[in-house]
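Undergrad:
Residue numbers (my numbering): 181 to 277.
1. Given that a residue counts as buried once 16 or more other Cβ atoms are within 10 Å of its Cβ, and exposed if not, what is residue 241?
2. Would you tell me roughly how many angstroms separate the C-alpha atoms of residue 194 and residue 208, rounded to the nearest one?
3. Rounding to the nearest angstrom, what Cα-Cα distance links residue 214 and residue 192 in this structure?
4. The alpha helix (DSSP H) with residue 191 in it runs from where to where?
5. My understanding is that residue 225 touches residue 205, with C-beta atoms under 8 Å, so please give their C-beta distance in whole angstroms.
6. Here's the rule I'm using: 16 or more other beta-carbon atoms within 10 Å means buried, otherwise exposed. How should residue 212 be labelled?
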């Protein structure tokens with residue numbers, strides 16, 4: 181059993197857990213002292229929180245100040261929205277507790 185199958189078997193995080201995971205992962209990714217292997221582990225954890233944070237309206241209320249992180253997140257959120265429209269699924273309904 182690998183880390184990805186374990187992660188899929190865990191219950192979805194609560195809203196506050198999603199925020200904490202997102203912030204901790206972003207801090208790791210932005211810290212120049214973070215080893216590359218740790219950054220690679222933090223990236224999917226951060227991305228996994230985007231649907232919940234978007235459903236909460238976090239990105240409508242707050243702006244990420246780091247330019248590169250902001251641009252990357254904007255691209256990821258746009259891709260999620262495009263995929264949602266293509267499949268007809270409701271982002272908010274499927275990813276919130």
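Every residue, glycine too, gets a C-beta built ideally from N, C-alpha and C.
TA: Considering the structure as presented:
1. Per the 10 Å Cβ criterion, exposed.
2. Counting only the Cα atoms, residue 208 lies some 21 Å from residue 194.
3. Rounded to the nearest angstrom, the two C-alpha atoms are 26 Å apart.
4. Unbroken run through residue 191: none, as it is neither H nor E.
5. 5 Å
6. exposed
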